[in-house]
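Every letter in the sequence shown is one number past the one before it in full-length UniProt numbering, and letter 203, counting from 1, is 203.
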Amino acid sequence: MTLVIAHRGSAGTHPENTMEAFIAAKEFGADGIELDVHLTLDGKIAVIHDSTVDRTTNGTGSVKDFTLSELKELKANYHYKHFFKQASRVPTLLEVFEWMAGNKLICNIELKNNEIPYEGLEEKVIALIKKFRYEKRILISSFNHYSLVYVRKLCPELETAPLYKDIIYKPWEYAKSINSSGIHPKFTAVSDTIIKATLDNGIAVRPYTVNKEREMKRLFQLNCSAIITDYPEKAVKLRGK
Ligand code: G3P
Ligand code: MG
């Protein structure tokens with residue numbers, strides 16, 4: 001069965017990368033969540049998409065220039081179109097992991113080290129995964145494929161998958177060449193033929209960001225390993241149990 005992974009939580013209905021969005025994803029029946037991580041000035045793992053706080057909070061500046069306690073003062077649902085009474089805060093990966101102890105969701109951690117080479121990000125993420133013994137519940141992805149190779153070197157038990165946006169030749173061969181067990185392509189970068197060949201070669205296919213019903217149906221019919229969507233509620237209903 002194709003798994004439903006909630007992109008930045010249920011980002012289509014809730015403020016992205018907040019605990020509200022992750023909790024909603026679980027309530028909607030998603031099998032997992034996807035989230036993005038950066039490092040703060042004091043080396044904490046913050047769950048936020050952009051390298052700056054400008055778009056998603058009431059602050060301005062780079063995540064890397066905030067200490068965690070400064071980051072926690074910001075409202076992470078500030079620009080959200082719907083009304084949320086309480087200000088939600090930028091979560092840490094630790095807080096998300098603590099919440100995961102009460103459920104069985106998988107977690108796709110996207111390392112946002114493709115623009116900023118956060119030194120020690122892989123080591124810190126792996127140490128936390130090991131502390132919680134979540135190795136089997138975690139998928140590591142990144143647009144920085146060097147980082148994925150490094151993750152596998154540090155922790156061979158972890159699954160990794162390269163993110164990419166455009167069509168590539170024989171992605172199953174590429175995935176194997178970087179020691180990954182899956183691919184996370186933009187959904188427009190994988191035809192039916194490519195998906196079938198990749199699955200036939202034992203490589204998982206989890207396209208992003210799949211929000212339209214027509215596209216969801218196509219990927220369910222092809223028996224994709226998972227889809228990554230802003231609308232987990234819609235996807236779960238469409239897929240059936
Ligand atoms: O992991 C899939 C997707 O999150 C990759 O792109 O920009 O939404 O992090 P982005
Ligand atoms: Mg992401």
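No residue lacks a Cβ here, since even glycine has one placed at the ideal position from N, Cα and C.
Using beta-carbon positions only, say whether residue i and residue j come within less than 8 Å of one another.
i, j, result
"residue 152", "residue 179", "yes"
"residue 18", "residue 76", "yes"
"residue 230", "residue 24", "no"
"residue 49", "residue 40", "no"
"residue 21", "residue 29", "no"
"residue 159", "residue 182", "yes"
"residue 108", "residue 34", "yes"
"residue 206", "residue 5", "yes"
"residue 126", "residue 154", "yes"
"residue 45", "residue 124", "yes"
"residue 219", "residue 196", "no"
"residue 106", "residue 31", "yes"
"residue 2", "residue 226", "yes"
"residue 217", "residue 238", "yes"
"residue 71", "residue 47", "no"
"residue 150", "residue 122", "yes"
For residue i, name the three-state secondary structure that DSSP assigns.
i, result
"residue 205", "strand"
"residue 225", "coil"
"residue 210", "coil"
"residue 5", "strand"
"residue 52", "strand"
"residue 62", "strand"
"residue 230", "coil"
"residue 118", "coil"
"residue 239", "helix"
"residue 101", "coil"
"residue 72", "coil"
"residue 134", "coil"
"residue 151", "helix"
"residue 169", "coil"
"residue 78", "coil"
"residue 191", "coil"
"residue 67", "coil"
"residue 123", "helix"
"residue 23", "helix"
"residue 175", "helix"
"residue 197", "helix"
"residue 145", "helix"
"residue 215", "helix"
So who's on the other strand from residue i, going by DSSP bridges?
i, result
"residue 92", "46"
"residue 164", "185"
"residue 37", "47, 111"
"residue 139", "108, 159"
"residue 32", "5, 106"
Hey, residue i and residue j are a contact pair by Cβ (cut 8 Å); roughly how many whole angstroms apart?
i, j, result
"residue 110", "residue 53", "At roughly 17 Å, the Cβ-Cβ gap does not stay under 8 Å, so residue 110 and residue 53 are not in contact."
"residue 168", "residue 174", "6 Å"
"residue 62", "residue 51", "6 Å"
"residue 162", "residue 148", "6 Å"
"residue 194", "residue 210", "That pair is no contact at about 15 Å."
"residue 97", "residue 66", "At roughly 21 Å, the Cβ-Cβ gap does not stay under 8 Å, so residue 97 and residue 66 are not in contact."
"residue 176", "residue 208", "No, residue 176 and residue 208 are not in contact; Cβ-Cβ is about 21 Å, not under 8 Å."
Taking 8 Å as the CB-CB cut-off, is residue i touching chain B?
i, result
"residue 230", "This model lacks chain B altogether, as it is built from one protein chain only."
Mind listing which residues have their beta carbon within less than 7 Å of any non-hydrogen atom of the ligand G3P? Chain order is fine. Going along the chain, the residues that qualify are 7, 8, 34, 36, 49, 108, 110, 141, 163, 184, 208, 209, 228.
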